[in-house]
Amino acid sequence: MKRAVSDSIYYVGASDRRLALFENTFPLPNGVSYNSYLIDSDRTALTDTVDRSVADVFFDNLAEALGSKPLDYLVVHHVEPDHAATVADLLLRYPDVKIVTSAKALVLLNRFNDADYTARTIVVKEGDTLDLGKHTLRFVAAPMVHWPEVFVSYETATKTLFSADAFGTFGALGGNLFADEIDFDRDIKDEMRRYFINIVGKYGVQVQNLLKKAASLEIAAICPLHGPIWRKDLGKVIALHDTWSAYRPEDQSVVIACASIYGNTARAADYLADRLAERGIKGIRIYDVSKTHVSYVVAEAFRASHVVFAAPTYNNGIFIEMEHLLHDLVAHNFRNRRFALIENGSWAPQSGKLMQSMLSALPGVTQIGETVTVCSALNADARRALDCLAEAVASEF
């Protein structure tokens with residue numbers, strides 16, 4: 001069924017609770033929503049479509065929202081298939097609709113559909129507007145947030161920002177359409193962070209550019225393509241995205257990312273955590289990178305000010321899952337953090353210097369203390385070294 005966002009904007013999207021992996025890689029314990037909105041004005045405009053998995057619900061919602069009215073425009077903000085996979089089906093159902101999109105988006109839309117939509121497309125750029133009668137859409141370019149063709153649009157009458165993938169989150173919608181109807185700290189914040197860091201986080205500079213443009217607009221509501229709609233506390237969600245995209249730590253805290261084969265490296269990580277707690281550090285979190293999906297650990301590393309990486313040597317290199325985590329952090333522009341290292345190796349410890357080489361090459365990423373070496377199992381020498389490392393980390397809090 002359609003859902004009212006305002007007296008002239010309707011939510012016509014749908015949620016998929018069965019999908020296990022977003023983009024076939026990120027776990028979705030609570031599913032995901034695919035959002036689409038109808039602006040019911042003198043001339044109607046639909047903003048984006050949905051993934052094929054929820055196409056039936058979407059088309060039913062759209063038909064109910066339109067009633068006897070024609071669909072005049074389809075605004076395609078972003079051509080990724082989870083938002084544009086049903087464009088071709090929509091055009092068959094509404095053959096008179098005009099596509100409104102950017103020049104780069106048109107190229108991608110034609111490629112994905114093996115078609116040429118040029119003749120039925122209005123190409124827009126930064127600053128252009130679409131007159132719907134009582135409502136007007138103003139277009140704002142948002143390249144690389146997180147594809148090159150992306151733009152967002154601002155509806156001037158209702159002061160609504162249709163933000164594409166910006167301000168989105170993992171998680172299906174469960175009846176409550178608006179973020180202020182949901183417990184943010186419990187049900188949204190962690191998954192919003194994980195979504196942003198893993199999907200958009202590489203493009204912090206481009207997000208900062210979009211935030212600067214958004215600051216010039218009087219925004220009453222934000223309608224993203226995933227997750228709930230924002231109509232209250234906009235300053236809170238914008239501030240979080242400013243922090244994340246500027247690569248500033250969200251919390252003064254310690255995250256310990258640990259890889260362990262037989263448990264000896266894990267014992268060293270636990271020993272360090274205990275010593276940190278004794279020195280007054282609160283909220284310490286330890287993750288086994290072989291068990292916890294890398295997207296969660298990447299998001300946590302971006303959240304915290306200090307990260308400890310603990311890994312054994314494996315085939316004269318870094319243990320596989322830790323190496324995966326480090327490569328993902330590099331790929332997402334990890335920066336401006338303090339890190340510490342614990343390595344393990346029975347005859348030729350190598351993981352410490354290899355991890356140090358990867359991390360120290362990143363901007364603003366600095367090591368605390370000396371790398372602690374565990375030779376096979378935790379012993380008195382390793383404990384003393386971990387005591388010194390705990391002191392070095394705690395001195396920064």
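In the UniProt record's numbering, the protein residues as written are 1 to 397.
Glycine included, every Cβ here is placed at the ideal spot set by N, Cα and C.
What you are looking at is a predicted structure, and each value in this text was computed from that prediction instead of being measured.
Check, Outcome
"Run of the alpha helix (DSSP H) containing L74, from where it starts to where it stops", "Not the alpha helix (DSSP H): L74 falls in the beta strand (DSSP E), residues Y73 to V75."
"The alpha helix (DSSP H) enclosing A277, as first and last residue numbers", "N264 to E278"
"Contained alpha helix (DSSP H) runs [length at least 4] in the region 148 to 210, N- to C-terminal order", "189 to 195"
"Beta carbon of V289 nearer than 8 Å to that of V297", "yes"
"Contact between the region 275 to 291 and the region 336 to 351 (3+ Cβ pairs under 8 Å)", "no"
"For A268, the nearest candidate out of W347, I286, I281 and S253 (CA to CA)", "I286"
"Three-state class that DSSP yields for E396 in the structure shown", "coil"
"Straight-line gap, E149 to R138 (C-alpha atoms, nearest Å)", "16 Å"
"Sequence-distant residues of its chain with Cβ nearer than 6 Å to P27 (five each side left out)", "H293"
"Alpha-carbon spacing of M322 relative to F302, whole angstroms", "16 Å"
"Continuous beta strand (DSSP E) stretch holding Q356: start and end", "Not the beta strand (DSSP E): Q356 falls in the alpha helix (DSSP H), residues S351 to S360."
"Residue from V76, R335 and L92 with nearest C-alpha to V107", "V76"
"Pick from S41, E80 and V54 that is closest to L71, judged by C-alpha positions", "S41"
"Boundaries (first-last residue) of the beta strand (DSSP E) holding H306", "A304 to Y314"
"Cβ-Cβ separation, W230 to F167 (assumed contact under 8 Å), whole Å", "7 Å"
"Own chain, CB closer than 7 Å to Q356, minus 5 neighbours either side, in chain order", "L341, Q367 and T371"
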